[in-house]
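Those sequence lines, one after another, are chains H and A. Everything in the first sequence is counted per our numbering, starting at 187 for the first residue and increasing by one. Everything in the second sequence is counted per our numbering, starting at 96 for the first residue and increasing by one. Quick reminder that beta carbons are idealized off the backbone N, C-alpha and C, glycines included.
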Amino acid sequence: MYWNLSHFEASFVFALFTSIVFGVVSRKTDQERLYYGLYVFGCFLAATFGLAWLMYLGHG
Amino acid sequence: MAQAKTPEAGAERDARPPVQAWLGPVALGWLVPGAGHIYLKRWNRGALLLVAIIGMFVFGLLMRGKMFEPTDGDLFTMALNYGGFIGNLASGAPYFLATWLGYSQPELPGAVADYGTKFLVCAGLLNVLALIDAYEIAVGKKD
Numbered sequence: 187m188y189w190n191l192s193h194f195e196a197s198f199v200f201a202l203f204t205s206i207v208f209g210v211v212s213r214k215t216d217q218e219r220l221y222y223g224l225y226v227f228g229c230f231l232a233a234t235f236g237l238a239w240l241m242y243l244g245h246g
Numbered sequence: 096m097a098q099a100k101t102p103e104a105g106a107e108r109d110a111r112p113p114v115q116a117w118l119g120p121v122a123l124g125w126l127v128p129g130a131g132h133i134y135l136k137r138w139n140r141g142a143l144l145l146v147a148i149i150g151m152f153v154f155g156l157l158m159r160g161k162m163f164e165p166t167d168g169d170l171f172t173m174a175l176n177y178g179g180f181i182g183n184l185a186s187g188a189p190y191f192l193a194t195w196l197g198y199s200q201p202e203l204p205g206a207v208a209d210y211g212t213k214f215l216v217c218a219g220l221l222n223v224l225a226l227i228d229a230y231e232i233a234v235g236k237k238d
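Now the structure itself:
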């Protein structure tokens, strides 16, 4: 079995799992953990799209 | 100007949490990601860590990521291989299970396998974060 994920899919899955762990191990209350996890996930996605556009525009 | 230190302040600074308070949860958390939190009765957080870290590891396997082995060579090669090996090893039981079942993927060309290699190492590194959290909970630094 072999999963041939695209760059975006792999980045999305990586961002999802990493932000779950970052959310769980940080902050003090469950609500703060949830918000921090969502914030980190949003940052990962923003960085993914930002870098993708940068590379697209850089390559012309 | 040097400040005089009281014996109480020195004793407080030197007071370290007893090993038996944290060794169990940390060892358990290393073997099975999230189990340290579950042992400390943080059920939901333990379950989330379990799903996220093992999920990351399984995705790495399914993308045919490479498992690092400690091999000698020049400094960069050694740092890369030993660092990757430590990252893989930090996953605990999933790593031992995968290698015991014969998973031995050589490095494949292409982005997907490269992502897989990073997933396998990052699963271990995320488990290190979980272990630090379990330690802090066990010694009472955190709820």
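Express the C-alpha separation of residue j and residue i in angstroms, rounding to a whole number.
{"i": "H:Arg213", "j": "H:Tyr222", "result": "8 Å"}
{"i": "A:Gly205", "j": "H:Phe194", "result": "15 Å"}
{"i": "H:Ile206", "j": "A:Ala208", "result": "23 Å"}
{"i": "A:Arg140", "j": "A:Gly129", "result": "8 Å"}
{"i": "A:Asn222", "j": "A:Ile148", "result": "7 Å"}
{"i": "A:Pro201", "j": "A:Gly211", "result": "12 Å"}
{"i": "H:Leu224", "j": "H:Leu237", "result": "20 Å"}
{"i": "A:Thr194", "j": "A:Glu164", "result": "11 Å"}
{"i": "A:Tyr230", "j": "H:Trp239", "result": "41 Å"}
{"i": "A:Trp117", "j": "A:Arg137", "result": "15 Å"}
{"i": "A:Leu224", "j": "A:Leu157", "result": "24 Å"}
{"i": "H:Gln217", "j": "A:Leu123", "result": "27 Å"}
{"i": "A:Met173", "j": "A:Ile181", "result": "12 Å"}
{"i": "A:Ala110", "j": "A:Asp167", "result": "40 Å"}
{"i": "A:Ile232", "j": "A:Pro112", "result": "12 Å"}
{"i": "H:Thr215", "j": "A:Asp169", "result": "47 Å"}
{"i": "H:Met187", "j": "H:Tyr242", "result": "32 Å"}
{"i": "H:Val226", "j": "H:Ser192", "result": "21 Å"}
{"i": "H:Trp189", "j": "A:Asp228", "result": "32 Å"}
{"i": "A:Leu220", "j": "H:His245", "result": "33 Å"}
So residue i contacts chain A; which residues on that side make the cut at Cβ distance below 9 Å?
{"i": "H:Thr204", "result": "Ala147, Met151, Cys217, Leu221"}
According to the Cβ coordinates, are residue i and residue j closer than 8 Å?
{"i": "H:Phe235", "j": "H:Ala201", "result": "no"}
{"i": "A:Leu144", "j": "H:Val210", "result": "yes"}
{"i": "A:Asn176", "j": "A:Met162", "result": "no"}
{"i": "A:Arg159", "j": "A:Leu203", "result": "yes"}
{"i": "A:Phe214", "j": "A:Phe171", "result": "no"}
{"i": "A:Gly179", "j": "A:Val216", "result": "yes"}
{"i": "A:Gly119", "j": "A:Tyr134", "result": "yes"}
Applying a beta-carbon distance threshold of less than 7 Å, which residues of chain H neighbour residue i?
{"i": "A:Ala206", "result": "His193"}
{"i": "A:Tyr230", "result": "Correct list: empty, because the minimum Cβ distance to chain H is about 11 Å."}
{"i": "A:Leu143", "result": "Ile206, Val210"}
Residues of chain H with a CB under 8 Å from the CB of residue i: which are they?
{"i": "A:Ala225", "result": "Val207, Val210, Val211"}
Nearest to residue i by alpha carbon, out of the options?
{"i": "A:Tyr198", "options": "A:Ile181, A:Leu135, A:Phe152", "result": "A:Phe152"}
{"i": "A:Gly131", "options": "A:Thr172, A:Val121, A:Ile149, A:Asn139", "result": "A:Val121"}
{"i": "H:Phe208", "options": "H:Val199, H:Arg219, H:Met187", "result": "H:Arg219"}
{"i": "H:Ala233", "options": "H:Ser197, H:His245, H:Gln217", "result": "H:Ser197"}
{"i": "A:Ala218", "options": "H:Val199, H:Asn190, H:Ser192, H:Met187", "result": "H:Val199"}
{"i": "H:Gly228", "options": "H:Phe203, H:Met187, H:Ser192, H:Leu191", "result": "H:Phe203"}
List, in chain order, every chain A residue whose beta-carbon is nearer than 7 Å to that of residue i.
{"i": "H:Val199", "result": "Phe154"}
{"i": "H:Tyr221", "result": "Correct list: empty, because the minimum Cβ distance to chain A is about 15 Å."}
Residues of chain H with a CB under 9 Å from the CB of residue i: which are they?
{"i": "A:Met158", "result": "Tyr188, Trp189, Asn190, Leu191, Ala196"}
Cβ pair count under 8 Å reaching 3, the segment 179-191 of chain A against the segment 230-238 of chain A: Flag = no, the segment 179-191 of chain A and the segment 230-238 of chain A do not touch.
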